[in-house]
Amino acid sequence: MDRKQYTREVKRRLKLDRADREAVLRDLDEIFETARQQGEQDDAVIARLGEPAAFAASFGVSKGWKWKQALWWVVTAAAVVLLLAALALVIGQHQTMTASVGIIGGADGPTAILVSGGIDPVLLLLGAGLIAAAVSVVIRWLMRR
Amino acid sequence: MEERYAQQFKKGALEMILLALLAEGESYGYALITSLNQRGGPVFDGAKEGTVYPILYRLEKAGLVESRLAPSGSGGSRKYYALTETGRRNLSDMTAFWGEYRRCVEEFLLPKEEMIWTENSIPER
Numbered sequence: 001m002d003r004k005q006y007t008r009e010v011k012r013r014l015k016l017d018r019a020d021r022e023a024v025l026r027d028l029d030e031i032f033e034t035a036r037q038q039g040e041q042d043d044a045v046i047a048r049l050g051e052p053a054a055f056a057a058s059f060g061v062s063k064g065w066k067w068k069q070a071l072w073w074v075v076t077a078a079a080v081v082l083l084l085a086a087l088a089l090v091i092g093q094h095q096t097m098t099a100s101v102g103i104i105g106g107a108d109g110p111t112a113i114l115v116s117g118g119i120d121p122v123l124l125l126l127g128a129g130l131i132a133a134a135v136s137v138v139i140r141w142l143m144r145r
Numbered sequence: 146m147e148e149r150y151a152q153q154f155k156k157g158a159l160e161m162i163l164l165a166l167l168a169e170g171e172s173y174g175y176a177l178i179t180s181l182n183q184r185g186g187p188v189f190d191g192a193k194e195g196t197v198y199p200i201l202y203r204l205e206k207a208g209l210v211e212s213r214l215a216p217s218g219s220g221g222s223r224k225y226y227a228l229t230e231t232g233r234r235n236l237s238d239m240t241a242f243w244g245e246y247r248r249c250v251e252e253f254l255l256p257k258e259e260m261i262w263t264e265n266s267i268p269e270r
């Protein structure tokens, strides 16, 4: 692992808001630069700092991080469930449609849509799933900044 | 002595020592580590960046120290730390408590008639 990789690993594991994360990464830069000025190789610094996960953990967790993390998991799980349900409905409809094609032998698209009637539950689930997915992306983004 | 006991002692003391070093004047990470290693002798010989920088970060979060960035020779930046008023008050409280704490612990560790402490030997009971 070189300095760049080490820094990236630390960055990935810091559970801090953006300002704090930037401050810690700057500290890490200063550590490497100072060691260089002392004639030390990056490898030696990395060995002394230890695992990136342990180094990142020693800076603790920003306020609100755990709460955001939990919310992210819930919304992401909801998005996955809703999208899977929409997919299952689509497949189900497709099967009944092809089945009816087999029986009646001539049902076309417009007929199938007329049969389902009202608001299409597939569209409803798909919409809800996409909204949940979008919210989960926003939460993730809020955690990263 | 087992390493983990030594680790526990140092953990508690390092924050106080860093505050005390900063009470002498503004300083930065590498200089603080060097002072620790030189003045702490074998006890703080092992003080490393991975220990000192996180403590400085937490002290700043807690408002006990403040920092400013200045360009370093190599084109990067160097962070200078200084004690805040809160830090100064905390350090004097900690110093007072440390004296009390030390006396109290020694009451248990050293039987009264053997308070004279010889190097490398713990008085036998």
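Those protein sequence lines, which keep their order, are chains Y and W. The numbers in my numbering rise by one with no breaks, and the one at position 97 of the first sequence is 97. Going from the second sequence to my numbering is simple: count from 1 and add 145. Don't be surprised by glycine CBs; every beta carbon is placed ideally from N, CA and C.
| Item | Value |
| --- | --- |
| Segment contact, 8 Å Cβ cut-off, at least three pairs: the region 78-86 of chain Y with the region 221-229 of chain W | no |
| Identified DSSP bridge partners for Lys213/W | Checking the sequence, you will find Arg at residue 213/W rather than Lys. DSSP output for Arg213/W lists Tyr225/W as bridge partner(s). |
| Extent of the continuous alpha helix (DSSP H) run through Glu205/W | Glu194 to Lys206 |
| Neighbourhood of Ala128/Y by C-beta, 7 Å cutoff - its chain only, sequence neighbours within 5 removed | Leu82 |
| Where the alpha helix (DSSP H) through Glu160/W begins and ends | Glu148 to Ala168 |
| Straight-line gap, Ala132/Y to Glu169/W (C-alpha atoms, nearest Å) | 55 Å |
| Beta-carbon proximity list for Leu71/Y, same chain, < 8 Å, skipping 5 on both sides | Ile139 |
| Collapsed DSSP secondary structure at Ser172/W in the structure displayed | strand |
| Neighbouring residues, chain Y, relative to Gly157/W (Cβ below 8 Å) | Going along chain Y, no residue has its Cβ under 8 Å from Gly157/W, so there is no contact; the nearest lies around 16 Å. |
| Test: Ala227/W CB closer than 8 Å to a CB of chain Y | no |
| Contacts of Leu14/Y in chain W (Cβ-Cβ under 7 Å) | The contacting residues do not exist; Leu14/Y stays about 11 Å from chain W at best. |
| Chain-ordered chain W contacts of Val61/Y [CB-CB under 9 Å] | Residues of chain W passing the Cβ test: none, with the nearest at roughly 11 Å. |
| Cβ-based burial, Tyr246/W [other Cβ within 10 Å; buried from 16] | exposed |
| Cβ-Cβ separation, Ile31/Y to Val10/Y (assumed contact under 8 Å), whole Å | Contact doesn't hold; Cβ gap of about 11 Å is too wide. |
| CB of Glu33/Y within 8 Å of CB of Ser180/W, strictly | no |
| Of the listed residues Val24/Y, Leu25/Y, Gln38/Y and Leu126/Y, nearest to Val90/Y (C-alpha basis) | Leu126/Y |
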